[in-house]
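To get this note's numbering, take the position in the sequence shown, counting from 1, and add 8.
In this text, a Cβ means the ideal position worked out from N, Cα and C, and glycines have one as well.
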Amino acid sequence: MSVMLYEGKAKKIFATEKADEVVIYYKDDATAFNGLKKGTIVNKGIINNKLTEFFFQLLEKAGVKTHLIKRLSDRELLCKKVDVLPLEVVVRNIAAGSLSQRLGLPEGEWLAEPIVELYYKNDSLGDPLVNYYHIKALSLASPAQVAVLEKEALAVNGALTEHLLRKGIKLVDFKLEFGLHNGEILLADEITPDTCRLWDAATDDKLDKDRFRRDLGQVEDAYHEVLYRLTGEKE
Ligand code: TMP
9 MSVMLYEGKA KKIFATEKAD EVVIYYKDDA TAFNGLKKGT IVNKGIINNK
59 LTEFFFQLLE KAGVKTHLIK RLSDRELLCK KVDVLPLEVV VRNIAAGSLS
109 QRLGLPEGEW LAEPIVELYY KNDSLGDPLV NYYHIKALSL ASPAQVAVLE
159 KEALAVNGAL TEHLLRKGIK LVDFKLEFGL HNGEILLADE ITPDTCRLWD
209 AATDDKLDKD RFRRDLGQVE DAYHEVLYRL TGEKE
């Protein structure tokens with residue numbers, strides 16, 4: 009039995025025999041609104057595990073360095089161990105969610121150019137939006153690190169937007185997390201329908217966790233559809 013290092017809302021992290029490698033196990037648990045809403049999305053763990061492998065492999069080919077080493081099983085990825093930076097990086101192409109609420113932009117309106125936002129990763133505070141001044145004052149990351157996060161996030165956006173559109177999916181927005189491994193910044197965590205807004209390009213049907221957040225139904229179908237369109241796999 010390997011030692012569990014951490015249990016998050018959607019994943020567990022286990023130690024391996026190598027000090028600088030971990031196993032990330034994907035659960036079916038779903039939460040929203042900072043854990044206030046709880047539920048299960050059947051087999052989400054399998055789908056999100058396979059989608060993160062798919063996206064991270066695609067991004068490695070596009071020159072983005074990630075923590076992925078390889079997929080071990082339906083629900084497990086072997087990854088480089090990182091110290092996660094306390095910033096969540098959101099990129100938006102189309103207005104939705106908290107951006108629409110904050111700035112009064114109708115959901116679905118294309119933005120003139122992608123918007124990058126930084127949030128302080130702190131559950132007890134509800135992950136507040138921060139700017140460069142907050143980041144410096146709270147020593148959350150150095151200016152050079154922030155510049156890397158923004159550049160990498162836009163590179164991810166470029167690579168994923170194009171690929172997803174070819175599969176009939178609009179990449180509305182997404183959230184990334186990064187970590188330090190031997191001083192190097194690596195893309196970490198996951199890229200899945202939990203952390204992206206994905207809309208069918210023809211109908212604008214939601215194919216992501218907003219179906220769970222907003223009680224829209226057919227949550228599992230949406231996750232399966234994304235996996236199928238991207239990998240051809242049913243599960
Ligand atoms: P937002 O519009 O609610 O700020 O969400 C922006 C994007 O970030 C959206 O694709 C969903 C993702 N996200 C997470 O991955 N985790 C979170 O805790 C939140 C609030 C959003």
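Within 10 angstroms of its Cβ, does Phe186 collect 16 or more other Cβ (buried), or is it exposed? Position 178 of the sequence shown, counted from the start, is the residue given in the question as residue 186. Its Cβ being crowded by 16 or more others within 10 Å, Phe186 is buried.
Using CA atoms only, rank isn't needed, just tell me which of Val164, Tyr33, Lys17 is closest to Gly71. For the purposes of this step, residue 71 is taken as residue 63 along the sequence shown, with counting starting at 1. Nearest of Val164, Tyr33, Lys17 to Gly71, Cα basis: Val164.
Environment of Arg83 [buried if 16+ CB atoms lie within 10 Å]: The residue you call residue 83 lines up with position 75 of the sequence shown. Buried, because 16 or more other Cβ atoms sit within 10 Å of the Cβ of Arg83.
Residue range of the alpha helix (DSSP H) that Val154 falls in? By 1-based counting over the sequence shown, the position of residue 154 is 146. From DSSP, the alpha helix (DSSP H) with Val154 extends over 151-174.
Under three-state DSSP, which class holds Gly187? Start at 1 with the first residue of the sequence shown, and residue 187 comes out as number 179. Looking at Gly187 - three-state DSSP - the assignment turns out to be strand.
Three-pair Cβ contact test at 8 Å for the stretch 95-109 versus the stretch 55-65: no
How many Å lie between Ile143 and Pro122 at the Cα? Along the sequence shown, one-based indexing puts residue 143 at 135. Along the sequence shown, one-based indexing puts residue 122 at 114. The straight-line gap separating the alpha-carbon atoms of Ile143 and Pro122 is approximately 21 Å.
Where do the ends of the beta strand (DSSP E) carrying Arg205 lie? To locate residue 205, count along the sequence shown from 1; it is residue 197. Residues 204-208.
Any heavy atom of the ligand TMP inside 7 Å of the beta-carbon of Ala104? The sequence position of residue 104 within the sequence shown is 96, counting from 1. Ala104 Cβ: within cutoff of the ligand TMP.
Between which two residues does the beta strand (DSSP E) carrying Leu111 extend? Taking the first residue of the sequence shown as 1, we reach residue 111 at position 103. Counting along the chain, Leu111 falls outside any beta strand (DSSP E), though it belongs to the alpha helix (DSSP H) covering 105-111.
Tell me the DSSP bridge mates of Tyr33? Residue mapping note: residue 33 aligns to position 25 of the sequence shown, counting from 1. According to DSSP, which records beta bridges pairwise, Tyr33 is partnered with Lys20, Glu84.
Would you say the beta carbon of Lys19 comes nearer than 7 Å to a heavy atom of the ligand TMP? Here residue 19 corresponds to residue number 11 of the sequence shown, with the count starting at 1. Lys19 Cβ: outside cutoff for every heavy atom of the ligand TMP.
Where Lys129 sits in the DSSP three-state scheme: The count along the sequence shown starts at 1 and reaches residue 129 at position 121. It is coil, neither helix nor strand.
Rounded to a whole number of angstroms, what is the C-alpha to C-alpha distance between Lys175 and Glu241? Working through the sequence shown from its first residue, we reach residue 175 at position 167. Working through the sequence shown from its first residue, we reach residue 241 at position 233. Distance between the alpha carbons of Lys175 and Glu241: 14 Å.
Which residues does DSSP pair with Ala79 in a beta bridge? The residue labelled residue 79 in the question sits at position 71 within the sequence shown. The amino acid occupying residue 79 in the given sequence is Arg; Ala does not appear at that position. Note: Arg79 sits in a beta bridge opposite Leu85.
May I ask whether a heavy atom of the ligand TMP can be found less than 7 Å away from the beta carbon of Thr203? Against the sequence shown, residue 203 aligns to sequence position 195. A distance criterion of 7 Å places the beta-carbon of Thr203 in contact range of the ligand TMP, judged by its closest non-hydrogen atom.
May I have the straight-line CA-CA distance separating Leu76 from Thr200, to the nearest angstrom? To locate residue 76, count along the sequence shown from 1; it is residue 68. To locate residue 200, count along the sequence shown from 1; it is residue 192. So the alpha carbons of these two residues sit roughly 14 Å apart.
Distance between Lys20 and Ser81 (C-alpha atoms, nearest Å): By 1-based counting over the sequence shown, the position of residue 81 is 73. By 1-based counting over the sequence shown, the position of residue 20 is 12. Ser81 and Lys20: Cα-Cα distance of roughly 14 Å.
Which residue from Pro136, Asn101, Lys89 puts its Cα closest to that of Leu172? Translated into positions along the sequence shown, residue 172 becomes position 164. Nearest of Pro136, Asn101, Lys89 to Leu172, Cα basis: Asn101.
Using the rule of at least 16 other Cβ atoms within 10 Å of the residue's Cβ for burial, across every protein chain shown, is Asp202 buried or exposed? Here the question's residue 202 lines up with position 194 in the sequence shown. By the 10 Å Cβ count, Asp202 comes out buried.
Opening and closing residue of the alpha helix (DSSP H) in which Val3 lies: Nothing can be reported for residue 3, as the shown portion of the chain is limited to 9 through 243.
Per DSSP, which residues does Asp181 bridge with? Please list them. Looking up residue 181 in the sequence shown gives position 173. According to DSSP, Asp181 bridges with Arg100, Arg205.
Alpha carbon to alpha carbon, how far is Asp197 from Leu188? Give it in angstroms, no decimals. As a first step, residue 188 is located in the sequence shown; it is residue number 180 there, counting from the start. As a first step, residue 197 is located in the sequence shown; it is residue number 189 there, counting from the start. Taking the straight line from one Cα to the other gives about 12 Å.
Straight-line gap, Val30 to Phe63 (C-alpha atoms, nearest Å): If you number the sequence shown from 1, residue 30 lands on position 22. If you number the sequence shown from 1, residue 63 lands on position 55. Taking the straight line joining both Cα atoms gives about 19 Å.
Considering Cα atoms alone, identify which of Glu192, Gln226, Leu224, Leu179 is closest to Cys204. Mapped onto the sequence shown, residue 204 falls at position 196. Distance check between Cys204 and each of Glu192, Gln226, Leu224, Leu179 places Leu179 closest, using alpha-carbon atoms only.
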